[in-house]
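Colleague: Residue numbers (our numbering), protein chains in the order written: chain A, 1 to 398; chain B, 1001 to 1133.
All C-beta atoms, glycine included, are put in the ideal place defined by N, C-alpha and C.
These numbers were taken from a predicted model, which means no experiment stands behind them.
Let me give you the structure first, and then I'll get to my questions.
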């Protein structure tokens, strides 16, 4: 039942640019994005009474959200300032999830969710890769050098074994993302690439070549949420948070896991349980979804997401991309900004760009990559080591 | 393929017997005496029932490859590339992360039967690795 405390997104913003942006600290990228989102919404910093951040790969603060709130100048009348450090793939969906709780409960009126990092200019690519290898179980995994691409390589090889997914299917995900970035002025990497280019790029960790991996970029992004009632006075068409859920685990796992080697099933992901929950809350069906945003750290993940979300059956995700169904103009466009594989992946902000783009699509502000008449978007996030799966459904309001 | 910069396992103290076993090139698995659950990772409190009453049983050393990925870009000094990261399903049930050694990376495939070896990272620390059976 609709209520005035229903939660809507009223502002989205990004740092002045994304991609290679030297000389901007992580907190500065946060602040640029936050000001851009406030401007977009027609709100002032003093209106914000809830702040969520998800830390930085490079710029450690033990109470990161407080460090940002101080840097940005948040008023001391704030009601909730929290760091939700759940990684690049899940923090965004969980920002929305917990912002909804805070706003519907009446604790907060205006929540700013913001992330920013400079993984490219703040670190070189090699250091970024090394840092990610430390993101593993220190006792039973780190000694084996499980770099991020190899961890997802484990997933991809398993999917190829179970379903016959091919390197060409992975390449089709990459070319789809690059095609979309080509339609997006601000994207980090926009030059056209072919399937052959993808297959022939340098092997990083099998089966992934360089162009099957997400970028290393700089950038910041912010989203502002408030009540439907408050949104009436603001600048943009409010985008409703129609449904939000999170599921834990994979396969038939009985308990949660955290480390990759504890994963019960590498390809049967928990999104399959989170999607029905979010769709039930939103009151929508698969045929209602006009645009899909999926966390694309590596080319295998959009394949798993279109399967687990129920848009195609298990094993058919590769064909979905190879047949062009995920392209703007196809029947379910995916990551219309180019995703993390071509738009930007600065580190912890990566997944939040899915939301800024979904909002642009539903406002009908997506220029040449606009999905005609887009009304409903689904965002599928990725948490931990194949460990938790947020799903968000957004809808254009009247 | 060890280098002096290869990261060593950071021991939490829950698995002293496991690492002592590895030092002596034996793979010891932690089993709860109350409910019978094999706990991998070794845990002080059984992840199923919470009991601290546990015993150590020696693994047969046989397993099969659940998945793998051949790494071509090393995370830090101390790793010689390419190396083959893998998840190995032990005959006893647990799935452990390890390396496949003793064969060219292109010969590795899911379902391959493997046997346990050990790699000495230092004179005191060894880790389980696997090679084709």
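Quick one, which of A:378, A:397 and A:384 has its alpha-carbon nearest residue 391 of chain A's?
Modeller: Within the first chain, residue 391 of chain A is the residue found at index 391, counting from 1. The shortest Cα separation from residue 391 of chain A among A:378, A:397 and A:384 belongs to A:378.
Colleague: Quick one: what's got a C-beta closer than 7 Å to residue 33 of chain A's C-beta in the same chain, skipping five residues either side?
Modeller: By 1-based counting over the first chain, the position of residue 33 of chain A is 33. The residues are 13, 14, 15, 114, 116, 220, 221 and 222.
Colleague: So the alpha helix (DSSP H) residue 151 of chain A belongs to, where does it begin and stop?
Modeller: For the purposes of this step, residue 151 of chain A is taken as residue 151 along the first chain, with counting starting at 1. 148-163 is the extent of the alpha helix (DSSP H) around residue 151 of chain A.
Colleague: Assuming residue 1056 of chain B is part of the alpha helix (DSSP H), what are its boundary residues?
Modeller: Sequence index remark: in the second chain, residue 1056 of chain B carries index 56 (1-based). Note, residue 1056 of chain B: premise wrong, no alpha helix (DSSP H); beta strand (DSSP E) at 1054-1058.
Colleague: Can you have a look at residue 1094 of chain B and say buried or exposed, based on whether 16 or more other CB atoms are within 10 angstroms of its CB?
Modeller: Here residue 1094 of chain B refers to the residue found at position 94 when the second chain is read from its first residue. With 16 or more other Cβ atoms within 10 Å, it is buried.
Colleague: For my contact list, residue 286 of chain A and residue 311 of chain A are in at a C-beta cut-off of 8 Å; report their separation, rounded to the angstrom.
Modeller: Position 286 of the first chain, counting from 1, holds the residue named residue 286 of chain A. Position 311 of the first chain, counting from 1, holds the residue named residue 311 of chain A. Residue 286 of chain A to residue 311 of chain A, Cβ: 6 Å. Contact.
Colleague: How many angstroms separate the CA atom of residue 6 of chain A from the CA atom of residue 84 of chain A?
Modeller: In the first chain, counting from the first residue as 1, residue 6 of chain A sits at position 6. In the first chain, counting from the first residue as 1, residue 84 of chain A sits at position 84. Cα to Cα, residue 6 of chain A sits roughly 22 Å from residue 84 of chain A.
Colleague: So is residue 144 of chain A in contact with chain B if we call contact Cβ pairs under 7 Å?
Modeller: Translated into the one-based positions of the first chain, residue 144 of chain A becomes position 144. Output row for residue 144 of chain A: interface = yes.
Colleague: At the level of alpha carbons, what is the spacing between residue 372 of chain A and residue 123 of chain A?
Modeller: Position 372 of the first chain, counting from 1, holds the residue named residue 372 of chain A. Position 123 of the first chain, counting from 1, holds the residue named residue 123 of chain A. Roughly 40 Å separates the two Cα atoms.
Colleague: Counting only beta-carbon atoms, is residue 307 of chain A nearer than 7 Å to chain B?
Modeller: Within the first chain, numbered from 1, the residue matching residue 307 of chain A stands at position 307. Chain B contact via Cβ: absent.
Colleague: Whole angstroms are fine: how far does the CA of residue 329 of chain A sit from the CA of residue 399 of chain A?
Modeller: Summary: the structure shown does not reach residue 399 of chain A, with chain A confined to residues 1 through 398, and so no result is reported for it.
Colleague: Using 7 Å as the limit for Cβ to Cβ distance, is residue 204 of chain A near chain B?
Modeller: Position 204 of the first chain holds residue 204 of chain A. Chain B, which has a Cβ nearer than 7 Å to the Cβ of residue 204 of chain A, makes this yes.
Colleague: Taking a Cβ distance cut-off of 9 Å, strictly less, list which residues of the region 23-50 of chain A are near chain B, in chain order.
Modeller: For the region 23-50 of chain A, which is checked against every Cβ of chain B, not one residue is closer than 9 Å.
Colleague: Considering Cα atoms alone, identify which of A:87, A:183, A:62 and A:145 is closest to residue 367 of chain A.
Modeller: Locating residue 367 of chain A in the first chain gives position 367, where the first residue counts as 1. Residue A:183 is the option with its Cα nearest to residue 367 of chain A.
Colleague: Among all the DSSP beta bridges, which residues are the ones paired with residue 226 of chain A?
Modeller: Locating residue 226 of chain A in the first chain gives position 226, where the first residue counts as 1. Residue 226 of chain A is bridged to A:8.
Colleague: In or out: residue 1123 of chain B buried (at least 16 other Cβ within 10 Å) or exposed?
Modeller: In the second chain, residue 1123 of chain B corresponds to position 123, counting from 1. Residue 1123 of chain B comes out exposed.
Colleague: Does the distance from the C-beta atom of residue 1030 of chain B to that of residue 1037 of chain B stay below 7 Å?
Modeller: In the second chain, counting from the first residue as 1, residue 1030 of chain B sits at position 30. In the second chain, counting from the first residue as 1, residue 1037 of chain B sits at position 37. Contact: no.
Colleague: Would you check if there are 3 or more beta carbon pairs closer than 8 Å linking the region 348-361 of chain A to the region 84-96 of chain A?
Modeller: Touching, yes.
Colleague: So, helix, strand or coil for residue 28 of chain A, using DSSP?
Modeller: What you label residue 28 of chain A is simply residue 28 of the first chain in a count that begins at 1. Of the three classes helix, strand and coil, the one that applies to residue 28 of chain A here is helix, per DSSP.
Colleague: Report the residue ranges of all beta strand (DSSP E) runs contained in full by the region 238-309 of chain A; include only those spanning at least 3 residues, in chain order.
Modeller: Runs of the beta strand (DSSP E) inside the region 238-309 of chain A: 239-248 and 291-294.
Colleague: Mind reading off the beta-carbon distance from residue 321 of chain A to residue 173 of chain A? Whole number of angstroms is fine, and I expect it under 8 Å.
Modeller: As a first step, residue 321 of chain A is located in the first chain; it is residue number 321 there, counting from the start. As a first step, residue 173 of chain A is located in the first chain; it is residue number 173 there, counting from the start. The Cβ separation is near 5 Å, so the contact holds.
Colleague: Do residue 294 of chain A and residue 96 of chain A have their C-beta atoms within less than 7 Å of each other?
Modeller: On the first chain, residue 294 of chain A is found 294 positions in, with the first residue counted as 1. On the first chain, residue 96 of chain A is found 96 positions in, with the first residue counted as 1. Taking 7 Å as the Cβ cut-off, residue 294 of chain A and residue 96 of chain A do not qualify as a contacting pair.
Colleague: Which word fits residue 1106 of chain B, buried or exposed, when buried means at least 16 other C-beta atoms lie within 10 angstroms of its C-beta?
Modeller: Counting from 1 along the second chain, the entry for residue 1106 of chain B is found at position 106. By the 10 Å Cβ count, residue 1106 of chain B comes out exposed.
Colleague: Which of helix, strand or coil does DSSP assign to residue 15 of chain A?
Modeller: In the first chain, the residue the question calls residue 15 of chain A occupies position 15. Coil at residue 15 of chain A, not helix or strand.
Colleague: Can you have a look at residue 227 of chain A and say buried or exposed, based on whether 16 or more other CB atoms are within 10 angstroms of its CB?
Modeller: Locating residue 227 of chain A in the first chain gives position 227, counting from the first residue. Buried, since its Cβ has 16 or more Cβ neighbours within 10 Å.
Colleague: Go ahead and label residue 144 of chain A buried or exposed: buried means 16 or more other beta carbons lie within 10 angstroms of its beta carbon, across all protein chains shown.
Modeller: Against the first chain, residue 144 of chain A aligns to sequence position 144. It is buried - the Cβ of residue 144 of chain A has at least 16 other Cβ atoms within 10 Å.
Colleague: Quick one: give me the first and last residue of the beta strand (DSSP E) that residue 52 of chain A is part of.
Modeller: Taking the first chain and counting its residues from 1, the one referred to as residue 52 of chain A is at position 52. 50-53 is the span of the beta strand (DSSP E), which, as asked, contains residue 52 of chain A.
Colleague: Using a Cβ-Cβ cut-off of 7 Å (strictly less than) and excluding sequence neighbours within five positions of residue 149 of chain A, which residues of its own chain qualify?
Modeller: Mapped onto the first chain, residue 149 of chain A falls at position 149. Answer for residue 149 of chain A: 204, 205, 208, 213 and 298, listed in chain order.
Colleague: Consider the Cβ of residue 58 of chain A: report whether some Cβ of chain B lies at a distance smaller than 7 Å.
Modeller: Reading the first chain from its first residue, position 58 is the one you call residue 58 of chain A. No, residue 58 of chain A lies away from the interface with chain B (no Cβ there is under 7 Å from its Cβ).
Colleague: Between the region 147-162 of chain A and chain B, which residues of the former have a C-beta closer than 7 Å to a C-beta of the latter?
Modeller: Those residues of the region 147-162 of chain A that come within reach of chain B (Cβ to Cβ, closer than 7 Å) are 147, 150, 153, 154, 157, 158 and 161.
Colleague: Is DSSP giving residue 1031 of chain B helix, strand or coil here?
Modeller: Position 31 of the second chain, counting from 1, holds the residue named residue 1031 of chain B. Correct three-state label for residue 1031 of chain B: strand.
Colleague: At the level of alpha carbons, what is the spacing between residue 260 of chain A and residue 1098 of chain B?
Modeller: Taking the first chain and counting its residues from 1, the one referred to as residue 260 of chain A is at position 260. Taking the second chain and counting its residues from 1, the one referred to as residue 1098 of chain B is at position 98. When rounded, the distance between both Cα atoms is 12 Å.
Colleague: Can we count residue 224 of chain A as close to the ligand ZN, meaning its CB is less than 6 Å from some heavy atom?
Modeller: As presented, the structure is devoid of all ligands, the ligand ZN included, so that no description of it is given.
Colleague: Assuming residue 272 of chain A and residue 308 of chain A make a contact with CB atoms under 8 Å, what is their CB distance in whole Å?
Modeller: Indexing the first chain from 1 puts residue 272 of chain A at position 272. Indexing the first chain from 1 puts residue 308 of chain A at position 308. Right, their Cβ atoms sit about 4 Å apart.
Colleague: Against chain A, which members of the region 1084-1113 of chain B pass a CB distance test of less than 7 Å?
Modeller: Per Cβ criterion, the list reads 1085, 1087, 1095, 1096, 1097, 1098, 1099 and 1110.
Colleague: Tell me which residue opens and which closes the beta strand (DSSP E) that residue 123 of chain A is part of.
Modeller: For the purposes of this step, residue 123 of chain A is taken as the residue at position 123 of the first chain. Element bounds for residue 123 of chain A: n/a, residue is neither H nor E.
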